[in-house]
Amino acid sequence: RYQAGESVLVCCNTVGRAQTMYDLLAQFIPKWQANDDDGDLCLLHSRFHLKDRTAKENWLFRRVGVGQHHGAHRPATVIVATQVVEVSLNVDFDTLYTDPAPLEALLQRFGRVNRGRGRDANLRPVHVCRAPVGETESKPYDHRLVARALEVLPAGVIDEQGVSDLLKLIYTGELRDEWLRDYRKGERDFLHVLEMMEPFESADLEREQKFYKTFDGEQVLPATCADDYEAAFRKSGRLAASEYLVSVSSGQYWRLRTLKQLRLYDEEGGNWLWIADLPYDAEYGLRFEVQTGEDDA
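Residue numbers (the numbering used here): 1150 to 1446.
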């Protein structure tokens, strides 16, 4: 597909799988670098800080953004991504290759293809791999939802009006009851956090941790970005400096705490931010599965 001049989205469920796939494709496709717009291959996932992620998204939008080329020839492009590509990016690829995932996630990924082409355009194909599937292999998803999605996913065109019927086939019985319990708990937890907030008052460490816990995530500062963070903080304040923070899941956060790979950053006497002593660069992002043997989305 790439050699034919097409734009290709490769979607993996975890950062580790995406980084591995990126390395494999880089043997055949020139990589894009922040200071070089000539490359055609890029990696995008949740473990880049905002500044690097924005640079990658801007490059991607210039190449495959909806309405960017108005029928002109588009450059061949391959993006390897996790589910961060499922929302917010108004892009249109020629085709998709994706790990198996729950139906809701697959539908979002499908939405990055055949986007903004008009009703008369020929539909382009999406490809869903049927492996790996299993309790371990399906992480971070529930493997039951992944397996059920593969069972009900039809071959051929998916009618948007039929999506609700497909979801009803998946969320029945025990799976439906579990989903409702998780939804209601999340609603209660978030409303509790909102009640704790005070207008124009900065949250203390405890409230901040509870806020991020509702999203199953924490923010850490890669050690290699500490100087940039401090310079931005002194020049423009915390909001500007936050561009150098990287989101990790709560599970990863506590594993790193246990392995003593996080240390407090003393921000003018307020110990609220954790520094991650892990490799980070603009090409691969934060790499801690190398250190912990674990991976997330």
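Note that the Cβ used here is the ideal one computed from N, Cα and C, for glycine as well.
Report task. Could you tell me which of H1292, N1162, V1157, G1434 sits nearest to V1369, measuring between CA atoms? Result -> G1434
**Report entry** Rounded straight-line distance, which links the Cα of A1225 to that of S1398
**Finding:** 33 Å
Report task. Please name the residue in D1243, D1248, F1259 whose C-alpha comes closest to that of N1271. Result -> D1243
Requested in this report: Please confirm whether S1287 and V1295 have their CB atoms less than 7 Å apart.
Outcome: yes
Report task. Note down the Cα distance separating A1175 from L1190, rounded to an integer number of angstroms. Result -> 7 Å
Requested in this report: Return the bridge partner residues of H1292 from the DSSP annotation.
Outcome: None; H1292 has no bridge partner.
Query raised in the report: Can a CB atom of chain B be found closer than 7 Å to the CB of I1178?
Result: Among the chains of the structure shown, chain B does not appear; only one protein chain is present.
Query raised in the report: Are the beta-carbon atoms belonging to V1395 and R1196 less than 7 Å from one another?
Result: yes
Requested in this report: Rank E1367, E1392, D1172 by C-alpha distance to the C-alpha of D1376 and give the top, closest one.
Outcome: E1392
Query raised in the report: When DSSP labels each residue in this structure, what does W1423 get in the three-state scheme?
Result: strand
Query raised in the report: Cβ of A1167 within 7 Å of Cβ of T1231?
Result: yes
Report task. Could you tell me which residues DSSP puts in a beta bridge with A1230? Result -> C1160, L1193
Query raised in the report: Excluding five sequence neighbours on each side, which residues of the same chain lie with their C-beta closer than 7 Å to the C-beta of V1215?
Result: N1239, V1240, D1241, R1264, G1265
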